[in-house]
Each structure stands twice: as structure tokens, then as C-alpha cells.
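Using the working numbering, read the sequence shown as starting at 175 and increasing by one per residue.
Just so it is clear, CB atoms sit at the ideal spot from N, CA and C, and this is done for glycine as well.
Below is one structure, written out as C-alpha cells; comments come after it.
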Amino acid sequence: MFGEIAAGDWFMLIVRWVHAIGAVTWIGGSAFFAFVLRPVEKANPDLVQPVLRSIGQVYRELVDISVIAIIVSGLVLMFDRLTGDDASPGWFIVLGVKLALALWMFYLVWDFRQTDFRPSDNPTGLAARLSWLVGYNAMVFLGVVVFLLASLMRVLYETTSSS
Ligand code: HEM
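See the structure below:
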């Protein structure tokens, strides 16, 4: 049963697993920051802010590891598909959009680092709207869209390779 799976397929299974775990860790962590820690911080700033700083430092390392794992495994997945000869034009288009969004997410991480993981402390008016767009909410939003695109790529690939 398992003996029928070639060594290369086992390798790609591990790579796909690393990619998915990295993505879940990053987006899940960002969602926890955006939808749990931030509201709690807003309600109890004096209590939470000192703790949040320490959490941010540890979280930063987790994000670093996840992003490196995602990039390395993502490139391996991409080259595996490209050498397989079954990638359709639709697959390439979705890959292009996914890569563009992934780059935007990597840029957001870099940008957060410049502001010490605090996209905006107390934004109001236009600043509040921009903060929504460029802050953690945007990271989570882009992340879930990228998840959807990854599933679409898989369906597109399987449809072409089985026909
Ligand atoms: C350097 C950037 C990236 C590259 C080159 C890349 C490439 C790929 C490729 C080629 C696949 C396989 C698609 C298929 O089945 O045909 C894939 C799957 C996937 N990607 Fe990415 N990706 C990148 C970044 C990301 C990011 C930032 C996320 C989410 C935060 C993400 C989430 C996923 C998920 C969830 C899958 C599905 C894994 C599975 O099938 O179990 N990727 N990626």
C-alpha cells in the first residue's frame, strides 16, 4: 500500500506539509493577534501592553521561521509543478496572483518590523481605515485569500493532469 509511493513523492509530501504548517502558523498567529490580543489590549491597555511587548518578541521569531519555511517549501512546490508538464495557463495565472499577494504579506512583515510590530497605536479617521488595510487585519485577509488560491491551484492542476 505505502510501498507504492515513490521516494520523491514522500519528499514532496513532506515539503507540502511544511508549507501548510508554516502557512497555518503564520496566518493563525496573525489572526490571534488581530482578533484576540488587540481587542483585549484596547480594553485594558495598562495591563496588556507590557505583556504584549514580550509576546511580540517571541512571536517575531515564530513568524521568521514560518516565513523562511514557506518560501523554501513554496519554491520547491513550484519547481515540482513546473517540471511536471501539467501546469495549465490558469494555474500559472493563479500562481502569479498568489505570489503577488505573498510578496505583499512579506512586505507587511518587513514594514511591521520598522514600527516595532505596532502598525498604528491609536488611529483615527483616515488613519484608522489605512491601519485596517495595512495592519494585522490586512495580513489575515491576504492570508485567507492566499489559502483559497492555493486550493484553486490544486484543483486546476488535478483537473489538467487527470484529463
Ligand atoms: C514564496 C511564496 C510562495 C510560493 C512560491 C508558493 C507556492 C505554492 C505552490 C506551487 C503550491 C502548490 C499548488 C498546487 O497544488 O498546485 C502551494 C500550495 C499552498 N500554499 Fe503556497 N506559495 C507561497 C507562499 C504561500 C503563502 C504566503 C501562503 C499562506 C500564508 C501559502 C499557502 C499555501 C497553502 C495552504 C497551500 C496548499 C498546501 C497543500 O496542498 O496542502 N503559500 N504554494
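In chain order, what residues of the same chain have a beta carbon less than 8 Å from the beta carbon of L326, not counting five sequence neighbours either side?
V268
Between F207 and the rest of its own chain, which residues show a CB-CB distance below 6 Å, the 5 nearest in sequence each way excluded?
Y310
Can you confirm whether Y310, when its beta carbon is compared against all beta carbons of chain C, has any partner nearer than 8 Å?
Absent from the structure is chain C; it holds one protein chain and no more.
Would you say G248 touches the ligand HEM, meaning its beta carbon is less than 7 Å from a heavy atom?
yes
With distances taken Cα to Cα, identify the nearest neighbour of T333 among K272, L249, S262, M313.
S262
Does K216 pass the burial test, meaning 16 or more other C-beta atoms within 10 Å, or should it be called exposed?
exposed
M175 by DSSP, collapsed to three states: which one?
coil
Determine the DSSP secondary structure at A261, reduced to helix, strand or coil.
coil
Which word fits A181, buried or exposed, when buried means at least 16 other C-beta atoms lie within 10 angstroms of its C-beta?
exposed
Would L275 and V319 be called neighbours here (beta carbons separated by less than 8 Å)?
yes
Look at L330 and G264 and say whether their C-beta atoms are less than 8 Å apart.
yes
To which residues of the same chain is V250 closer than 7 Å at the C-beta, ignoring the five residues directly before and after it?
V189
Are the Cβ atoms of G203 and L226 separated by less than 8 Å?
no
Closest residue to L277 among G248, D183, G230, W191 (Cα-Cα distance):
G248
Taking the straight line between their C-alpha atoms, what separation do you get for M186 and F280?
24 Å
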